[in-house]
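Visitor:
Number of protein chains: 2
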Amino acid sequence: MTQPEKMLANAIRVLSMDAVQAANSGHPGMPMGMADVATVLFSDYLKYDPAHPHWADRDRFVLSAGHGSMLIYALLHLTGYARPTIEDIRNFRQLHSPCAGHPENFELAGVETTTGPLGQGFATAVGMAIAERHLNATFGDDLVDHRTWVIAGDGCLMEGINHEAVGLAGHLGMGRLNVLWDDNRITIDGAVSMSSSEDIPARYRASGWHVAECDGHDFADIRRAMDEALADPRPSLIACRTIIGYGAPNKQGSHAVHGAPLGGDEITAARQELGWSAAPFEIPSEIKDQWLALGRRSQDTRAQWEQRLAAHAQRGEFERRMAGTLDAATPTKAFIADLLASPQKVATRKASEMALGPLTAALPEMLGGSADLTGSNNTKTAATKPLSKDDYSGRYVYYGIREFGMAAAMNGMALHGGVVPYGGTFLVFSDYCRNAIRMSALQRARVVYVLTHDSIGLGEDGPTHQPIEHIMSMRMIPNLDVLRPCDVVETAECWQLALENAEGPSVLALTRQNLPQLRDSADENRSAKGAYRLHAAEANRRVVIVATGSEVEIAIAVAKQLDAQGIGTDVVSMPSWSRFAAQPASYRDDILPHDVLRVSIEAGTTFGWEAITGISGLRFGIDSFGASAPIEALYDHFGLTAEKIAPQIVAALNG
Amino acid sequence: MTQPEKMLANAIRVLSMDAVQAANSGHPGMPMGMADVATVLFSDYLKYDPAHPHWADRDRFVLSAGHGSMLIYALLHLTGYARPTIEDIRNFRQLHSPCAGHPENFELAGVETTTGPLGQGFATAVGMAIAERHLNATFGDDLVDHRTWVIAGDGCLMEGINHEAVGLAGHLGMGRLNVLWDDNRITIDGAVSMSSSEDIPARYRASGWHVAECDGHDFADIRRAMDEALADPRPSLIACRTIIGYGAPNKQGSHAVHGAPLGGDEITAARQELGWSAAPFEIPSEIKDQWLALGRRSQDTRAQWEQRLAAHAQRGEFERRMAGTLDAATPTKAFIADLLASPQKVATRKASEMALGPLTAALPEMLGGSADLTGSNNTKTAATKPLSKDDYSGRYVYYGIREFGMAAAMNGMALHGGVVPYGGTFLVFSDYCRNAIRMSALQRARVVYVLTHDSIGLGEDGPTHQPIEHIMSMRMIPNLDVLRPCDVVETAECWQLALENAEGPSVLALTRQNLPQLRDSADENRSAKGAYRLHAAEANRRVVIVATGSEVEIAIAVAKQLDAQGIGTDVVSMPSWSRFAAQPASYRDDILPHDVLRVSIEAGTTFGWEAITGISGLRFGIDSFGASAPIEALYDHFGLTAEKIAPQIVAALNG
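In order, the protein sequence lines correspond to chains F and A. Read in the UniProt record's numbering, the first sequence has 473 at position 473, and its numbers run on one by one without any break. Read in the UniProt record's numbering, the second sequence has 419 at position 419, and its numbers run on one by one without any break.
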């Protein structure tokens, strides 16, 4: 007998409240409130196949309100994904359960992106939608023709990043993006009206969105609103008027159900209210069977797609792109060979542009952009024409002044697959998108951040624009490769490393100012080891100077002064701390021997450099905010010149 | 003879283009485009007295589009502020000139806030406007009755933080906030239409704002729009349709004039276009005199205000509040004395709430809030009733899910003066407002960040919510005091230190989980030195363990195990790295002697701890992302238990 739809939704509600109760922590309110909407989505609208969760043309579903994680765990389980099992759900929020407190993309197929930090799921979905349209423009309807669906709460809509995401999606006309807004009028502190008076639909319309509204507990009305959204060419916000914690008779509608277990008595009352007699974690078979059948809904669609793929002329390229495999013949080696023949003195941001020329020409998956600093970040190449509402085949996004939105969108592109996103802003404004960079790292997303103007070397713009702590503070984000090349050759090497790093993001910290080419050989990618001896002491080695980026030039000048005084000095260029740390001890000890004075030079905080120099080494850097002045004046003012550094090293040796 | 208003504005234009040309860097486009609007503002609307730039009841003017810094430098000079002199302007963007690339509040009176990072000036102004209404409600119209004016560009409006600032100002009905939007339809990358399709007025109206529009080069029309704004009770956006670089005949209206000198030829052409024959940095005396007269416009208003203040019953308290002087009799000592009599095992977030109780009761200048985590951050006290549109005398702001907007607003409150703002979110979401925290530090603003859930100790919410790198990465922001107390006594001490730190912001990193009270004496504020010996080795000291916050309890347990084995072990609690670093070497060497094994324990990255332990010390922490599980399972999983740590110390001693 076909079960009433409400009972399908109640399965989500009961699993959610029981799992939160068993864990004694979690958020029952959202899954119970949005269960009806989610049931409609997974029954009739979402294109997915639990048996093939990585199907390239599946719809992407993003639970932006990630605290309601039990909603997606219940759905994945009920519709027949291999995981989570009911045992996984019993272990909700326990160590090693894939059912973590917030949904994590690396734990479960079907979780397209890690969510929890509010607003980012939504903004990530915008990137997925962009990737879809771009790949559709590249490979056609036969291979790429899917939608992106989001469930978002008031928090996702109130965060600043929402403005950026909405603006970007509206501008680019992302009509295949549909956001189901859990309009329950409750936040953690209480009623939304305590902190906001916004007319949200009006704001969305002002940014080029379509807005539909529905009763989130009326199945027919939900379908009406979804159909309206599908029919409209604009991105759609579907305001689903819901009751948070729906089904918990004494607590629903209040912030008390948001983030705490309902408690035994209320769960008993809710079971009665919902007409649910089964024991915790037991789903009556007639309900489970009906859910499983719904999970098989798109099997035929997928089979037909597989047939189209098998016969498609672009099959090989499409599969390569979706697998994220780089074409082996990247042009970096040839590019570097040219440099060795004809050295270049350029800013590393310019070197990056030079490297990007052949790279973007050779790798069609590269999709660039900048947060309104295209000419400063040097991120645009001849191969990357603009991606616009009128031409999704473009490969360059003018993201606007939206750093956080750009970074989250790039995460979405990388997670969608088929593209390798890179995007630029000033290094100091990595602060504006820092949590999205962290989310790239946590999600193991191949995103390349092109962060230029990477020190006081930017000069006159002054302390608001001069990064001091930024490079070092990013080095401590797990799984983030922070690359700071010292010249045009290293820049090309670092680009190659960033592209090959398929399991995580990379930062390229690049200068505004020109730097001489210091490298005259490139038999291998020397940056790959993170640090290497660029200049060897002529004799009698007593000092090793470690430097990065623009300060390597200074280190070389210091070394020459010291060598001239008979103080043998190595210079080590260290473009990547994390790569160097991963080398065997024998290599590290060779590069950083213990019987010398170790010195660091980096135009940023000296904080943390003790790890490289030892406590007794010398560390040259800047431990205050910067200043506004021409570059030469600043380097002198902050003591970062060979003339000021060399005597201090001599004094330390004699001291 | 009275000069045409256009000539007053042209003085701004010419100074701007000449200073940028002399510096060979800077942004002429905005000051030239907005010169007419700014002339009207400083001639007829803004309440200010250059001879008394710190007059408490002056209007606050914020140049949110800080790259156009020459606009404010020109205005301050022309209207008769002591600085900048014409010589300062000649030295625009040179070392030690107060005319830095972006306007800095600590360089010039009249620059109310440091701007440059887009969107933040606007959001900071919202905080100034809140402070004004709050102080008006406290002290009345006779003492506090001023407006906040902002000049903002498209970048300020496109940034995510704008959504938060607009939402907050609209919700709180900040009718005395007026934003002059430089609607020039140009961004750095080109036309605004390349990256945005937003109907900005519609968005502002949707958030409870009034919107006026004017031709930004028609003086009468500008006045009409400003009068309309003054008449409307809502906060106002005044869309000023302008031509970027107005007056540069061949370049105006294009992004080419945004951020580069015009060049000699174009400057010559502009001089002709503007009817300006004076040499660079020379202002014809009739124009200078007229500007100086305008600068004296509010002298009488100020004199009358001084008379009202002199006669006012609340004069002493008002002056104390505006000077930022704490009442000497803060209740912290009595509070701690009670704790010593009756020890408490509570989370430090709860300890913070307990300390805040008497502090907020005693210090009316404290103005609290949270970004929708009031119950989790424990930031609300009995003394702080809500501040709302209907009651500005309240002392607690429900900021909503707006971390960045909250932090910037707190900067504005602190810079306005008269209030000491504090606000809460989760530590991990310091990422969302990181650049505003940096701006607190750069601006030397007394803002207290209450950042709870400060480690894996938050448990089940998992890696998206568990800070790993955050504490350490904030320690390297100059002029930011990061405080991580270990128990209820240290929490009270740290609150006292944060409040006494009038020249900079403080972070309180606080636990979700309960911690035992470890302190049994408090003859002085021991946290003030940053680190101190909490537990002394019984005898035969061989080990010193340094820990912070929740890990001090673990360190004590390790020490007891080691002491029992005859391995004398000190435990040092280190609530503040920066305060410890500022102690004399004799103190530091006493606390961290060189003849022992030094060990650190902190439930975050081990990155940077070499500075404390030396290279040969041991560092216990977490160098990966966290996980979702109950707290005990997590501490065990990550090896942060006495049972797992003590044997490793023994092994190191024997090794």
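Idealized CB from N, CA, C, for every residue including glycine. Predicted, not measured: the structure shown is a model, and the values here were computed from it.
Assuming leucine 483 of chain F contacts valine 507 of chain F (C-beta within less than 8 Å), just tell me the rounded distance between them.
Guide: Here residue 483 of chain F refers to the residue found at position 483 when the first sequence is read from its first residue. Here residue 507 of chain F refers to the residue found at position 507 when the first sequence is read from its first residue. Indeed, because the Cβ distance is near 6 Å, the residues count as touching under 8 Å.
Visitor: Should glycine 160 of chain A be flagged as near chain F, meaning a C-beta pair shorter than 8 Å?
Guide: Translated into positions along the second sequence, residue 160 of chain A becomes position 160. Interface residue, yes.
Visitor: Got a sec: is the Cβ-Cβ distance from alanine 603 of chain F to anything in chain A below 8 Å?
Guide: Here residue 603 of chain F is taken as the residue at index 603 of the first sequence, counted from 1. No, alanine 603 of chain F lies away from the interface with chain A (no Cβ there is under 8 Å from its Cβ).
Visitor: Which bits of chain A does tyrosine 398 of chain F rub up against, with CB to CB less than 7 Å?
Guide: Here residue 398 of chain F refers to the residue found at position 398 of the first sequence. Result: Asp189, Met194, Ser195.
Visitor: Output the boundary residues of the alpha helix (DSSP H) element that contains glycine 167 of chain F.
Guide: In the first sequence, counting from the first residue as 1, residue 167 of chain F sits at position 167. From DSSP, the alpha helix (DSSP H) with glycine 167 of chain F extends over 160-172.
Visitor: So which residues of chain D does glycine 26 of chain F contact, with C-beta pairs closer than 8 Å?
Guide: This model lacks chain D altogether, as its protein chains are F and A.
Visitor: Nearest to glycine 566 of chain F by alpha carbon, out of F/Ala646, F/His594, F/Val572?
Guide: For the purposes of this step, residue 566 of chain F is taken as residue 566 along the first sequence, with counting starting at 1. Ranking F/Ala646, F/His594, F/Val572 by Cα distance to glycine 566 of chain F puts F/Ala646 first.
Visitor: Go to cysteine 214 of chain F, then tell me how far its beta strand (DSSP E) extends in each direction, as first and last residue.
Guide: Numbered from its first residue, the first sequence carries residue 214 of chain F at position 214. From DSSP, the beta strand (DSSP E) with cysteine 214 of chain F extends over 210-215.
Visitor: Against chain A, with Cβ distances strictly below 8 Å, would methionine 128 of chain F count as a contact?
Guide: Along the first sequence, read from residue 1 onward, the residue named residue 128 of chain F stands at position 128. Closer than 8 Å: no.
Visitor: Any idea if serine 628 of chain F is buried or exposed, counting beta-carbon neighbours within 10 angstroms, 16 or more meaning buried?
Guide: Here residue 628 of chain F refers to the residue found at position 628 of the first sequence. So serine 628 of chain F ends up on the buried side.
Visitor: Would you tell me roughly how many angstroms separate the C-alpha atoms of asparagine 136 of chain F and alanine 531 of chain A, rounded to the nearest one?
Guide: Along the first sequence, read from residue 1 onward, the residue named residue 136 of chain F stands at position 136. Along the second sequence, read from residue 1 onward, the residue named residue 531 of chain A stands at position 531. When rounded, the distance between both Cα atoms is 59 Å.
Visitor: What does DSSP give as the partner residue(s) for tryptophan 55 of chain A in the beta ladder?
Guide: One-based indexing of the second sequence puts residue 55 of chain A at position 55. Partner(s): none; tryptophan 55 of chain A has no beta bridge.
Visitor: At the level of alpha carbons, what is the spacing between arginine 438 of chain F and serine 430 of chain F?
Guide: The residue you call residue 438 of chain F lines up with position 438 of the first sequence. The residue you call residue 430 of chain F lines up with position 430 of the first sequence. Going from the Cα of arginine 438 of chain F to the Cα of serine 430 of chain F covers about 11 Å.
Visitor: In the DSSP assignment, find the unbroken beta strand (DSSP E) run with aspartate 182 of chain F in it and report its ends.
Guide: Here residue 182 of chain F is taken as the residue at index 182 of the first sequence, counted from 1. Where aspartate 182 of chain F is concerned, the enclosing beta strand (DSSP E) stretches over 177-183.
Visitor: Which runs of the beta strand (DSSP E) fall wholly inside the region 235-275 of chain F and span at least 3 residues, in chain order?
Guide: Runs found: 236-241.
Visitor: Where does aspartate 189 of chain A sit, in a helix, a strand or coil, going by DSSP?
Guide: For this step, residue 189 of chain A is matched to residue 189 along the second sequence. Aspartate 189 of chain A: coil per DSSP, three-state reduction.
Visitor: Cα-Cα, which of A/Pro478, A/Leu618, A/Ser440 is closest to proline 117 of chain A?
Guide: On the second sequence, residue 117 of chain A is found 117 positions in, with the first residue counted as 1. Proline 117 of chain A has its Cα closest to that of A/Ser440, out of A/Pro478, A/Leu618, A/Ser440.
Visitor: Isoleucine 591 of chain A CB to nearest chain F CB: under 8 Å?
Guide: Locating residue 591 of chain A in the second sequence gives position 591, where the first residue counts as 1. Answer no: the Cβ-Cβ gap between isoleucine 591 of chain A and chain F never drops below 8 Å.
Visitor: Flag this pair as touching only if the region 163-174 of chain F and the region 380-389 of chain F have three or more C-beta atom pairs under 8 Å; answer yes or no.
Guide: The answer is yes - the region 380-389 of chain F touches the region 163-174 of chain F, with three or more Cβ pairs under 8 Å.
Visitor: To test your reading of the DSSP string, which unbroken beta strand (DSSP E) runs of 3 or more residues are found completely within the region 521-596 of chain A?
Guide: Within the region 521-596 of chain A, the complete beta strand (DSSP E) runs of at least 3 residues are 532-535, 541-547, 568-573.
Visitor: Thinking C-alpha only, which one of F/Thr113, F/Pro478, F/Phe607, F/Ala557 is nearest alanine 642 of chain F?
Guide: Taking the first sequence and counting its residues from 1, the one referred to as residue 642 of chain F is at position 642. Measuring from the Cα of alanine 642 of chain F, the nearest candidate turns out to be F/Ala557.
Visitor: Going straight from the alpha carbon of glutamate 324 of chain A to that of leucine 415 of chain A, what length do you get?
Guide: Here residue 324 of chain A corresponds to residue number 324 of the second sequence, with the count starting at 1. Here residue 415 of chain A corresponds to residue number 415 of the second sequence, with the count starting at 1. Note that residue 324 of chain A corresponds to glycine in the displayed sequence, not to glutamate. Roughly 10 Å between the two C-alpha positions.
Visitor: Using 8 Å as the threshold, is the region 122-135 of chain A in touch with the region 372-381 of chain A, meaning 3 or more CB pairs across them?
Guide: No: the two stretches stay apart, fewer than three of their Cβ pairs being nearer than 8 Å.
Visitor: When you compare only the Cα positions, how much space is there between valine 163 of chain F and alanine 408 of chain F?
Guide: As a first step, residue 163 of chain F must be located in the first sequence, where it is residue number 163. As a first step, residue 408 of chain F must be located in the first sequence, where it is residue number 408. A small fix is needed here, since residue 163 of chain F is histidine in this sequence, not valine. So the two alpha carbons sit approximately 13 Å from each other.
Visitor: Roughly how many whole angstroms lie between the Cα atoms of isoleucine 287 of chain A and arginine 83 of chain A?
Guide: For the purposes of this step, residue 287 of chain A is identified with residue 287 of the second sequence, where counting begins at 1. For the purposes of this step, residue 83 of chain A is identified with residue 83 of the second sequence, where counting begins at 1. Near 18 Å, if we compare the C-alpha coordinates of arginine 83 of chain A and isoleucine 287 of chain A.
Visitor: Pick helix, strand or coil for phenylalanine 281 of chain F, following the three-state DSSP scheme.
Guide: Reading the first sequence from its first residue, position 281 is the one you call residue 281 of chain F. Three-state result, phenylalanine 281 of chain F: coil.
Visitor: So, for residue 657 of chain A: in the same chain, excluding its five sequence neighbours on each side, which residues have a beta-carbon less than 6 Å away from its beta-carbon?
Guide: No answer is possible for residue 657 of chain A: the residues shown for chain A start at 1 and end at 655.
Visitor: Does the region 245-252 of chain F come within contact of the region 56-65 of chain F, defined as at least 3 CB pairs closer than 8 Å?
Guide: Touching, no, given that fewer than three Cβ pairs across the two stretches are closer than 8 Å.
Visitor: In chain order, what residues of the same chain have a beta carbon less than 7 Å from the beta carbon of asparagine 66 of chain A, not counting five sequence neighbours either side?
Guide: For this step, residue 66 of chain A is matched to residue 66 along the second sequence. The amino acid at residue 66 of chain A is misidentified as asparagine; the sequence shows glycine. Closer than 7 Å at Cβ, skipping near neighbours: His102, Pro103, Thr115, Gly116, Gly121.
Visitor: Of all the CB atoms in chain A, is at least one closer than 8 Å to the CB of proline 463 of chain F?
Guide: Reading the first sequence from its first residue, position 463 is the one you call residue 463 of chain F. Yes, proline 463 of chain F lies at the interface with chain A (some Cβ there is under 8 Å from its Cβ).
Visitor: Is there contact here, the region 598-606 of chain F with the region 542-560 of chain F, by at least three beta-carbon pairs under 8 Å?
Guide: Segments in contact, yes.
Visitor: With a threshold of 16 other CB atoms inside 10 Å of the CB of alanine 492 of chain A, please say whether the residue is buried or exposed.
Guide: Here residue 492 of chain A refers to the residue found at position 492 when the second sequence is read from its first residue. Its Cβ being crowded by 16 or more others within 10 Å, alanine 492 of chain A is buried.
Visitor: I'd like to confirm the pairing. Which residues does DSSP put opposite aspartate 481 of chain A in its beta bridges?
Guide: Position 481 of the second sequence, counting from 1, holds the residue named residue 481 of chain A. Bridge partners of aspartate 481 of chain A: A/Ser506.
Visitor: What residue range is occupied by the uninterrupted beta strand (DSSP E) comprising residue 663 of chain F?
Guide: Residue 663 of chain F cannot be examined here, being either before or after the span of chain F that is shown, 1 to 655.
Visitor: Look at the alpha carbon of leucine 518 of chain F and the alpha carbon of leucine 592 of chain F, and state the distance between them as a whole number of angstroms.
Guide: Within the first sequence, residue 518 of chain F is the residue found at index 518, counting from 1. Within the first sequence, residue 592 of chain F is the residue found at index 592, counting from 1. When rounded, the distance between both Cα atoms is 20 Å.
Visitor: Kindly identify the DSSP beta-bridge partner or partners of methionine 366 of chain F.
Guide: What you label residue 366 of chain F is simply residue 366 of the first sequence in a count that begins at 1. DSSP, once it has assigned bridges, lists F/Val420 as partnering methionine 366 of chain F.
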